[in-house]
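From first to last, the protein sequence lines stand for chains C and R.
Counting in our numbering, the first sequence runs from 361 upward without gaps.
Counting in our numbering, the second sequence runs from 361 upward without gaps.
Beta carbons are placed, not taken as given, at the ideal position from N, Cα and C, and that holds for glycine.
See structure below.
Protein chains: 2
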Amino acid sequence: MPRDVDHDQRRREIVGAVWTIVARQGIEGVTLRGVAAEAGVSMGRVQHYFGTRDELVRHACRLMVEGAQAEHAAQGQALPPVERLRLLVHRAVPTTPGFTLGVAVWTAFHAKSVDDPEISAILTDAHRGGVREGAALVVEARARGDLPDGEDPAALALRLLALAEGYGARVLVGSLDAAAALAALDREIDRAAAAPRD
Amino acid sequence: MPRDVDHDQRRREIVGAVWTIVARQGIEGVTLRGVAAEAGVSMGRVQHYFGTRDELVRHACRLMVEGAQAEHAAQGQALPPVERLRLLVHRAVPTTPGFTLGVAVWTAFHAKSVDDPEISAILTDAHRGGVREGAALVVEARARGDLPDGEDPAALALRLLALAEGYGARVLVGSLDAAAALAALDREIDRAAAAPRD
DNA sequence: GTCGTTACGATGCACTTGCATTGCAAAGAC
DNA sequence: GTCTTTGCAATGCAAGTGCATCGTAACGAC
Chain C
361 MPRDVDHDQR
371 RREIVGAVWT
381 IVARQGIEGV
391 TLRGVAAEAG
401 VSMGRVQHYF
411 GTRDELVRHA
421 CRLMVEGAQA
431 EHAAQGQALP
441 PVERLRLLVH
451 RAVPTTPGFT
461 LGVAVWTAFH
471 AKSVDDPEIS
481 AILTDAHRGG
491 VREGAALVVE
501 ARARGDLPDG
511 EDPAALALRL
521 LALAEGYGAR
531 VLVGSLDAAA
541 ALAALDREID
551 RAAAAPRD
Chain R
361 MPRDVDHDQR
371 RREIVGAVWT
381 IVARQGIEGV
391 TLRGVAAEAG
401 VSMGRVQHYF
411 GTRDELVRHA
421 CRLMVEGAQA
431 EHAAQGQALP
441 PVERLRLLVH
451 RAVPTTPGFT
461 LGVAVWTAFH
471 AKSVDDPEIS
481 AILTDAHRGG
491 VREGAALVVE
501 ARARGDLPDG
511 EDPAALALRL
521 LALAEGYGAR
531 VLVGSLDAAA
541 ALAALDREID
551 RAAAAPRD
């Protein structure tokens, strides 16, 4: 067994270049040559690790979802559930350059999902995972008394996430201020914390 | 002045083909040849009316926004303001084939806006127009006593629209049921009608 | 009728694209 | 050392792309 290289590491490097390009030029901008150049590797390498362009794009989608989940888990580790919920929701709004890239890429894959069932499946999983996480945080927060009972946790989580994505999309396009979006989301969470619904 | 043809009509025919293709294969799927074939015209015609591919795509974006606005205005003509508001937010959810196409195309242009400032400008206008329309309906409904006072009309309209787009995106991807999305939106409107906020 | 203008249709071209192929070099296994 | 397997790099190629160009047919003004 010759030439022991870390395949996953190589793939991550290449996928990182894909994200950069997608955020700048959309998925149509993803070409084998362009990705290779952006990653600073040869086209042969890209081909070696991703036999096909579609596979490259799909892997980029998978890794971005996994990365976002991992990042969120790490960031909120020491925070109380309500704050972790807030963090989860804030992720959908392009504030920092990192989030902006993430939201742009996220949006691109959303559009791509209309003609790629695999992407659609990945996003569906991501959506469900997000709602599950959000609902769990709601339950946790209620157990601590930080959030009043009421609305179904999953429905509440879904509502907050959908709202956040709607605001986030507008911020990305430029028709809404990021600060205004965050403020609106915070109001929504605080209101859920202050008064029971339904 | 020879050969009197209706330019706008010709453009609409071609743009219709663009929408169809975008909904099926995304904006990357838009090629001059493909559009010509879908519209049942020659490639020369497409080139004649839209000098460049970019112009074609942008015009398709403009016409879709205008068409949506006109359609909404026509549909709700005889309805009370609250119902017109309901219609406005329901538009973002892919229920009928027509709305599904619309939401798919809308999503595609949203993604495209990251690298095309003109598209971004068109969408920004559309966003603002939507909020203005929604806010006006809120004001109108309040004047009739159908909606209680409270939240700023524009903020309420923005919240409803963002929420609708968030739900709509999930329905498009397939992670959410259209009926569930509509129900959630109706609950939101009814709640705004039942209890003042903030 | 003719003349000029417009609305195309047809074709050609330079370029980019994804992917197949080929060759080779590095690193264990022996 | 040899051998074998893997990890690439280089190149080639057919297909598809946007766009320029050229020809021409239709129609109105005169």
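- Under the 9 Å criterion on CB atoms, R405(R) is classed as non-interfacial with respect to chain C.
- Annotation: the stretch 498-531 of chain C contains no complete segment of the beta strand (DSSP E) (minimum length 3 residues).
- With a cut-off of 8 Å on Cβ pairs, the stretch 506-523 of chain C is not in contact with the stretch 421-428 of chain R, counting fewer than three such pairs.
- Residue contact with chain C for I549(R): absent (no Cβ-Cβ distance below 9 Å to any residue of chain C).
- The three-state secondary structure of Q437(R), taken from DSSP, is coil.
- Only exposed fits V365(R), as fewer than 16 other CB atoms lie within 10 angstroms of its CB.
- Inclusion of E493(C) and H408(C) in the CB contact set at 9 Å is not warranted, their separation being larger than that value.
- Comparing alpha carbon positions, the residue from H419(R), G394(R), L445(R) and A552(R) closest to I482(R) is H419(R).
- Straight-line measurement puts the Cα of G526(C) at about 5 Å from the Cα of E525(R).
- Burial state of S480(R) is buried, judged by a 10 Å Cβ sphere holding 16 or more other Cβ atoms.
- Not flagged as an interface residue toward chain C: Q429(R), since no C-beta distance is shorter than 9 Å.
- Among the CB atoms of chain R, one or more fall inside 9 Å of the CB of L523(C).
- Within chain R, the residues whose beta carbon sits less than 9 Å from that of I387(C) are G386, E388 and A471, listed in sequence order.
- Contacts with chain C at 9 Å (Cβ-Cβ) include A515(R).
- In the same chain as A501(C), and ignoring 5 residues on each side of it, the C-beta atoms closer than 6 Å to its own belong to P441, V442 and L507, in chain order.
- The beta carbons of D475(C) and G436(R) sit no closer together than 9 Å.
- Beyond the five residues adjoining it in sequence on each side, D546(R) comes within less than 8 Å, by CB distance, of R446 in the same chain, given in chain order.
- Using a Cβ distance threshold of 9 Å, V498(R) and L521(R) do not count as a contacting pair.
- When DSSP states are grouped into helix, strand and coil, F459(C) belongs to the helix group.
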